[in-house]
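Protein chains in written order, with this note's numbering: chain Z, 34 to 393; chain X, 2 to 308. Virtual Cβ for every residue (Gly too), placed ideally from N, Cα, C.
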Amino acid sequence: MSYALELRGVTKRFGDVTAVDAVDLAIPHGEFFSLLGPSGCGKTTTLRMIAGFEEPTEGELLLDGRPGTTIPPFRRNTNLVFQSYALFPHMSVYDNVAFGPRRAGVPRDEERRRVNAVLRTVRMEAYADRLPRALSGGQRQRVALARALVNEPAVLLLDEPLGALDLKLRKEMQIELKHIQREVGISFVYVTHDQEEAMTMSDRIAVMNEGRIEQIGPPEEVYHRPATRFVAEFIGAANLLEVEVIAAPGGKPTRARFPSGLETAVASANRTDATVGSRGVLVLRPEHLVLHAAPPTDEPAVETTIVETIFQGSVVRFELTTPDGTHITALETTRRPAPGGPGDTVWITWAQERAHVVLD
Amino acid sequence: MVTSPPRDAERQVALETTYAGRRRRPGRWAPWVYLSAPVTILLVFFAGPLGILAVYSFQERSRTGDGSWTLANYAAALQPRYLETAANTVVIAVVSMVLLLAIAYPLAYLIAFRVGARWEVPLLLALALSDELNPLIRIYAWRTVLGRNGLVNTALEALGVIDAPLDWLIFTKFSVVVVLTASWLPYAVIPLYAAMKTIDPRVLEAARDLGAGWWVTFRKVVFPLTAAGFLATIVIVFIPLISDFAAPALVGGTSGRMLASVIEDLFLGRGQWGVGSALTFVLLAASGVVVWLSYRIADMNSLDTSR
Numbered sequence: 034m035s036y037a038l039e040l041r042g043v044t045k046r047f048g049d050v051t052a053v054d055a056v057d058l059a060i061p062h063g064e065f066f067s068l069l070g071p072s073g074c075g076k077t078t079t080l081r082m083i084a085g086f087e088e089p090t091e092g093e094l095l096l097d098g099r100p101g102t103t104i105p106p107f108r109r110n111t112n113l114v115f116q117s118y119a120l121f122p123h124m125s126v127y128d129n130v131a132f133g134p135r136r137a138g139v140p141r142d143e144e145r146r147r148v149n150a151v152l153r154t155v156r157m158e159a160y161a162d163r164l165p166r167a168l169s170g171g172q173r174q175r176v177a178l179a180r181a182l183v184n185e186p187a188v189l190l191l192d193e194p195l196g197a198l199d200l201k202l203r204k205e206m207q208i209e210l211k212h213i214q215r216e217v218g219i220s221f222v223y224v225t226h227d228q229e230e231a232m233t234m235s236d237r238i239a240v241m242n243e244g245r246i247e248q249i250g251p252p253e254e255v256y257h258r259p260a261t262r263f264v265a266e267f268i269g270a271a272n273l274l275e276v277e278v279i280a281a282p283g284g285k286p287t288r289a290r291f292p293s294g295l296e297t298a299v300a301s302a303n304r305t306d307a308t309v310g311s312r313g314v315l316v317l318r319p320e321h322l323v324l325h326a327a328p329p330t331d332e333p334a335v336e337t338t339i340v341e342t343i344f345q346g347s348v349v350r351f352e353l354t355t356p357d358g359t360h361i362t363a364l365e366t367t368r369r370p371a372p373g374g375p376g377d378t379v380w381i382t383w384a385q386e387r388a389h390v391v392l393d
Numbered sequence: 002m003v004t005s006p007p008r009d010a011e012r013q014v015a016l017e018t019t020y021a022g023r024r025r026r027p028g029r030w031a032p033w034v035y036l037s038a039p040v041t042i043l044l045v046f047f048a049g050p051l052g053i054l055a056v057y058s059f060q061e062r063s064r065t066g067d068g069s070w071t072l073a074n075y076a077a078a079l080q081p082r083y084l085e086t087a088a089n090t091v092v093i094a095v096v097s098m099v100l101l102l103a104i105a106y107p108l109a110y111l112i113a114f115r116v117g118a119r120w121e122v123p124l125l126l127a128l129a130l131s132d133e134l135n136p137l138i139r140i141y142a143w144r145t146v147l148g149r150n151g152l153v154n155t156a157l158e159a160l161g162v163i164d165a166p167l168d169w170l171i172f173t174k175f176s177v178v179v180v181l182t183a184s185w186l187p188y189a190v191i192p193l194y195a196a197m198k199t200i201d202p203r204v205l206e207a208a209r210d211l212g213a214g215w216w217v218t219f220r221k222v223v224f225p226l227t228a229a230g231f232l233a234t235i236v237i238v239f240i241p242l243i244s245d246f247a248a249p250a251l252v253g254g255t256s257g258r259m260l261a262s263v264i265e266d267l268f269l270g271r272g273q274w275g276v277g278s279a280l281t282f283v284l285l286a287a288s289g290v291v292v293w294l295s296y297r298i299a300d301m302n303s304l305d306t307s308r
């Protein structure tokens, strides 16, 4: 099977700084793929190497199964949607979108058909004669998308394209982008620092940190079974509790013990080569925690003190602290009355089947 | 990242405040009060002398002021020998202008987009400083470079490229063009640089990403977006080019003569103020035509940049 895009050991150094460090990626045709990470993690540099604006210091890049490392951007079968849109300010919407087909020597009537079709896809056909400055941010965004899509690239690259939009519009555009991607069936590589955005749209996510890929997987997997502490903390909110493995048949941890001596079952782990005594953290999502006013007898529970309760409408956020000073955040729906207020002692239990351990 | 929508919003607010401010302003005469000083200077030191020259150009024996009205000066100004110099002048000015733009466009592009923040300001400063040099000293420096025993000839002879010094290097149209081009380079680069700085570099990347090589990117994106700077450059540089008299006088010899040096000679050497004035207006009309043409060329509406 050939991939739409493949990166093999791609590294980029700027002087002494390694911006991207031995990245391996394989993106099948038609996948919505996100590169997610904090600013400076190398995700934009990776994208610019795919677009051809930067050349890798080491490694190889394949487009549609063919070597593409040194193809210049104007001959490359990729198109980029810029964060600032980068529309041609002196050209109408139509001419902006037609720029690519004209460079490719598409005949006039074919050009008109394709441009109008893609403008319809992004719901901008009524604005074809407008100049970019007469459009709103969201409309410019659509034009930028249309201008890239019209070339039917092997891979469409998007560099935080929704970063400049306000929250409400961003949410709408996320859904719309996903729909458009399904409709056109082109592989999207989407760069963002917003984990919620990445999860909303992506088939798979690559979480990057300091130039390296920490984990690649579908959103559910990245969220529920993070491969590293960084991923656990970067994706969503996470409570990390220090544990030690006490049972690991065949290298797969099944039970762990807190420093307090309390024991708990382990549902999954990031490694399959664990031994008794391996150390790591138990990852507990705030919404997986249940608060009890009295110690439950049938499952392991951690004793905590409520520091603060914050009412957020559909949920209440509890800021808790354990006797050894570990900070824990819990979210409870407002369906039932709060088990206590600040200063009260509560016991927390968690969804046992979500008990994921990240070993060091 | 700075984004466009808020910028638009700001501009809108700015516009509204401006209009509001204008409406509140008390008298209709206020703009004229502000303009009175520059207008006075223009009238006294530009329009006035020009009017006097206009009178001279239509009078006989105008030096004493008792001449009668005549067109003889214009007839004299349109003699073949002056027309030849005029043609020379236009050729030299146009060639220098084309050379200037050919050098200044890439240079402005490199400074604006390629050299990086570290070299941008030093290079601009170097350009500005090169203009600080006294024009006469600069021209004499060119004589030591281009002269019979100058740097170029000596170097070429030492390398064995030529046996005898090239004699067309100096006191020809060539030398005038070289000196004029070098002298006015800063004035061409700086407006073009300013125009280029208003282009978002991502727009150029977008062009490349969409399949445009450097030439198409220049023709479809850079040039249309810098048309205003292009026009400014022509207006700023062409008039000094066409009316220069120091360069032709010092490195032009006989073949590199330009109209302005003829006018200078008519006024100061031969005392023929009438003919000199008439020639002045011929020169003025010629530069007017060029400026008008450049307006036409740079007019974005008449320029199809989309295809």
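For residue i, three-class secondary structure by DSSP
| i | result |
| --- | --- |
| M259/X | coil |
| A270/Z | coil |
| Y141/X | helix |
| Y118/Z | coil |
| L72/X | coil |
| T281/X | helix |
| R350/Z | strand |
| H325/Z | strand |
| G22/X | Confidence at G22/X is low in this model, with a pLDDT of 49, below 50, so the placement of that residue should be treated as unreliable; the coordinate-derived value is given next. Here G22/X sits in helix by DSSP. |
| R99/Z | strand |
| L164/Z | coil |
| N110/Z | coil |
| G374/Z | coil |
| I104/Z | coil |
| F231/X | helix |
| T182/X | helix |
Interface partners of residue i on chain X, CB under 7 Å
| i | result |
| --- | --- |
| L113/Z | D210 |
| G133/Z | L211, G212 |
| P328/Z | Ordered by position in chain X, no residue passes the 7 Å Cβ test against P328/Z, which lies about 52 Å from the chain. |
| A84/Z | D210 |
Bridge-paired residues (DSSP) for residue i
| i | result |
| --- | --- |
| A156/X | Beta-bridge pairing links A156/X to no other residue. |
| M234/Z | Bridge partners of M234/Z: none, in fact. |
| A289/Z | V278/Z, T297/Z |
| T154/Z | Answer by DSSP bridge pairing: none, since T154/Z is not bridged. |
| D192/Z | V224/Z |
is_contact[residue i, chain Z] using C-beta, thresh 8 Å
| i | result |
| --- | --- |
| A1/X | This structure gives no information on residue 1/X, because the portion of chain X shown stretches from 2 to 308. |
| A88/X | no |
| A195/X | no |
| D136/X | The sequence shown places Pro at residue 136/X, rather than the Asp named in the question. By this cut-off, P136/X is not an interface position. |
| L226/X | yes |
| V222/X | yes |
| D245/X | no |
| R297/X | no |
| R115/X | no |
| D201/X | yes |
Beta strand (DSSP E) segment containing residue i, residue limits
| i | result |
| --- | --- |
| E247/Z | 245-250 |
| R41/Z | 38-47 |
| F221/Z | 220-225 |
| E209/Z | Run containing E209/Z: none in the beta strand (DSSP E); it sits in the alpha helix (DSSP H), 200-217. |
| V11/Z | Outside the shown range of chain Z, which is 34 to 393, sits residue 11/Z, and nothing can be said about it. |
Proximal residues of chain Z, C-beta to C-beta of residue i below 7 Å
| i | result |
| --- | --- |
| A207/X | F115, A119 |
Where the alpha helix (DSSP H) through residue i begins and ends
| i | result |
| --- | --- |
| W216/X | 215-218 |
| S131/X | 118-131 |
| E206/X | 202-210 |
| F66/Z | No alpha helix (DSSP H) holds F66/Z; the beta strand (DSSP E) holding it covers 65-69. |
| L170/X | No alpha helix (DSSP H) holds L170/X; DSSP gives it neither H nor E. |
| T77/Z | 76-84 |
| A31/X | 31-43 |
C-beta neighbour in chain X for residue i, strict 8 Å
| i | result |
| --- | --- |
| A137/Z | yes |
| F47/Z | no |
| F221/Z | no |
| H123/Z | yes |
Listed by chain order, chain Z residues near residue i by CB distance under 9 Å
| i | result |
| --- | --- |
| D164/X | Under the 9 Å cutoff, chain Z gives no residues; its nearest Cβ is about 46 Å from D164/X. |
Cβ-heavy atom distance, residue i to the ligand NAP, below 7 Å
| i | result |
| --- | --- |
| P328/Z | Absence of the ligand NAP from the depicted structure is noted, as is the absence of any ligand whatsoever, leaving it without description. |
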